[in-house]
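In this note's numbering, the protein residues as written are 424 to 854.
Quick reminder that beta carbons are idealized off the backbone N, C-alpha and C, glycines included.
Take a look at the structure set out below.
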C-alpha cells in the first residue's frame, strides 16, 4: 500500500500537521519502532501479530478445511475480531462459495440467514479463543440445532478455531472435529492473517500464500522513519492530527468490495486506541455512496475529522451505454470505472479546497496480495499510533466489562458489573 499525506499538511488543511512537526515526530517514531522490533523479536503479547506473515501455515489451514472443501456455503460463527478479518477477506474477493457471518444475536436476523441456506451443502466454522464467548456459543448452539432439525450431521461439517483449552477445544476433541489454534499473543482484532481470518478464505478457494506474501512485503517496509514506511506514515499522521483536533477518522474506501474493511478498521482503531480519554473515533463510510450522504458534514461541518480514502489503481470496468438525452450524452463516452475515479478525485479535491485534512491510501488492485498488505499495514499503523499515544494497544478492558455484565445478567456467575444495570438512571418520555 502507498500512503499520500499531502492533503493533511498544515499548509493546505486545518487542522493539519506541518512538515517541521512531522520531522520532530519522526524522532518518536524511531523510538517506537525500536520498541515494536523488540516486541516482535520476543514474541510479546500483541506485537506477535506482526509476525503472523511468517508464522501462519497455509498448508495446515488447507488440511483442516479439506473435509468441507465441497461446501457451497460457509457459516462463520464468531464476533468482533473472530469474524471481521475473515469477512473483510472474503468480502473483498470473488468466490462461488457463499459466506455468512453470524456476528450478532438478533434472533430474526439469525433465523433468516439459516433459513436461506441449504444446510446439507453448508460448512460451519466456529471461532472463539476462550470458547466461552456468549454470543458465539449461543449462535453455535442455534446453528447446531438447525443442522440437526434438517437431518444434517453437523459434526461432519464443522471446523473449530479456538485456544488450547476451553469448551470448544473439548468439543473438537470429543467429536474429532478438524481444529485450528488461535495464535498465542495475538488479540482477535489483529488476527486476520492467521487461521482466525484465513479459514474462510481457504474454504472459498482464495490464495493464502498471496495474502501472506502481501503482508510480508508490507512488513519489509517497517523502519525507523515515517518517511520511509507507509504504515508508520499513516499511524503517525493520524496521531498528530488527533492531537490537533481531528478526533474522528472517516474510513472511506472507493471500492464496494472493501466495505467490510471499514468495519474491520473501526474495531482495530477503536478497541486498540480508545483508552485513558485518548484515541480517534473511527467512522465508516463508502464512496461513492456516502459522498452523497456524509460529504456535506466532512466539508462544511466541525473541523474535527480526517478523511481516509482507500482506492485501487486498477480494477474491472464496464462501459456506459450511450443515450439520446443531451444532458447525459457525455456519459456515453465514459466507463463506470472512469466515473468512479472522477467521483473519488472530485471528493478528495473538494475536501482539500475546503482545507479539510484527508489521506489517500492506494492499492494496485483488490486481490489477495494487496489485501494482505493493507491488513498488515493498518495493523502496524495502529501499533505505532498506540506507542505514540502511550496506551496499551492490545488490551480492551471496556469490552471485558460489558462481557462480564452480560454473563451476570444471564446467570453465568456473580459479576459486580451486572449490578450496574440495576443502577441505571431513568427519565422516560412515554406515549
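Reference residue i, options the options, closest by Cα
{"i": "residue 628", "options": "688, 667, 522", "result": "522"}
{"i": "residue 367", "options": "656, 648, 612", "result": "Residue 367 falls outside the range modelled here, since the chain spans only 424 to 854, and no answer is possible."}
{"i": "residue 450", "options": "481, 659, 827, 624", "result": "659"}
{"i": "residue 666", "options": "530, 480, 482, 444", "result": "444"}
{"i": "residue 712", "options": "738, 679, 687", "result": "679"}
{"i": "residue 512", "options": "823, 563, 774, 799", "result": "799"}
{"i": "residue 503", "options": "462, 804, 549, 480", "result": "549"}
{"i": "residue 725", "options": "526, 656, 669, 618", "result": "669"}
{"i": "residue 730", "options": "515, 452, 719, 479", "result": "719"}
{"i": "residue 683", "options": "710, 473, 579, 453", "result": "710"}
{"i": "residue 456", "options": "849, 806, 739, 687", "result": "806"}
{"i": "residue 438", "options": "819, 727, 752, 758", "result": "727"}
{"i": "residue 604", "options": "517, 463, 505", "result": "505"}
{"i": "residue 448", "options": "853, 818, 849, 808", "result": "808"}
{"i": "residue 736", "options": "723, 744, 526, 768", "result": "768"}
{"i": "residue 845", "options": "854, 831, 836, 853", "result": "831"}
{"i": "residue 571", "options": "620, 759, 537, 599", "result": "537"}
{"i": "residue 515", "options": "810, 738, 853", "result": "738"}
{"i": "residue 600", "options": "608, 610, 609, 579", "result": "579"}
{"i": "residue 566", "options": "460, 609, 526, 778", "result": "526"}
{"i": "residue 626", "options": "818, 743, 732, 544", "result": "544"}
{"i": "residue 575", "options": "596, 555, 541", "result": "541"}
CB-CB length for residue i against residue j, believed under 8 Å
{"i": "residue 585", "j": "residue 551", "result": "6 Å"}
{"i": "residue 827", "j": "residue 616", "result": "No, residue 827 and residue 616 are not in contact; Cβ-Cβ is about 29 Å, not under 8 Å."}
{"i": "residue 644", "j": "residue 714", "result": "At roughly 30 Å, the Cβ-Cβ gap does not stay under 8 Å, so residue 644 and residue 714 are not in contact."}
{"i": "residue 424", "j": "residue 786", "result": "6 Å"}
{"i": "residue 491", "j": "residue 546", "result": "4 Å"}
{"i": "residue 473", "j": "residue 689", "result": "Contact doesn't hold; Cβ gap of about 20 Å is too wide."}
{"i": "residue 763", "j": "residue 677", "result": "6 Å"}
{"i": "residue 595", "j": "residue 609", "result": "The Cβ separation is near 20 Å, so there is no contact."}
Rounded straight-line distance, which links the Cα of residue j to that of residue i
{"i": "residue 847", "j": "residue 841", "result": "11 Å"}
{"i": "residue 761", "j": "residue 672", "result": "27 Å"}
{"i": "residue 674", "j": "residue 851", "result": "36 Å"}
{"i": "residue 662", "j": "residue 812", "result": "7 Å"}
{"i": "residue 606", "j": "residue 636", "result": "19 Å"}
{"i": "residue 560", "j": "residue 466", "result": "30 Å"}
{"i": "residue 469", "j": "residue 704", "result": "21 Å"}
{"i": "residue 815", "j": "residue 458", "result": "13 Å"}
{"i": "residue 790", "j": "residue 517", "result": "9 Å"}
{"i": "residue 681", "j": "residue 446", "result": "32 Å"}
{"i": "residue 773", "j": "residue 717", "result": "13 Å"}
{"i": "residue 510", "j": "residue 843", "result": "34 Å"}
{"i": "residue 630", "j": "residue 723", "result": "43 Å"}
{"i": "residue 618", "j": "residue 793", "result": "19 Å"}
{"i": "residue 734", "j": "residue 620", "result": "22 Å"}
{"i": "residue 657", "j": "residue 766", "result": "23 Å"}
{"i": "residue 706", "j": "residue 453", "result": "29 Å"}
Can you list the alpha helix (DSSP H) stretches of 4 or more residues lying completely in the segment 460-498, in chain order? 475-478, 481-488
Could I get the ranges of all uninterrupted alpha helix (DSSP H) runs contained in the segment 586-642, with 4 residues as the minimum, in chain order? 590-597, 618-626, 631-642
Specify whether the segment 630-647 and the segment 489-507 touch according to this definition: at least 3 beta carbon pairs, one from each stretch, less than 8 Å apart. no
Taking contact to mean 3 or more Cβ pairs, one atom from each stretch, closer than 8 Å, check whether the segment 474-491 and the segment 648-663 are in contact. no
Is it a yes or a no for the segment 778-787 touching the segment 430-437, going by three-plus beta-carbon pairs under 8 Å? yes
Starting from the N-terminal side, write out each stretch of the alpha helix (DSSP H) that is 4 residues or longer and does not extend beyond the segment 650-734. 653-666, 682-696, 718-723
Count the CB pairs spanning the segment 697-704 and the segment 741-759 that are closer than 8 Å, and state whether there are at least three. no
Secondary structure, beta strand (DSSP E): runs of 3+ residues fully inside the segment 523-589: 545-551, 581-585
Sequence ranges, alpha helix (DSSP H) only - wholly within the segment 749-813, length at least 4: 759-776, 791-812
Inspect the CB distances between the segment 786-802 and the segment 591-604 and report whether three or more fall short of 8 Å. no
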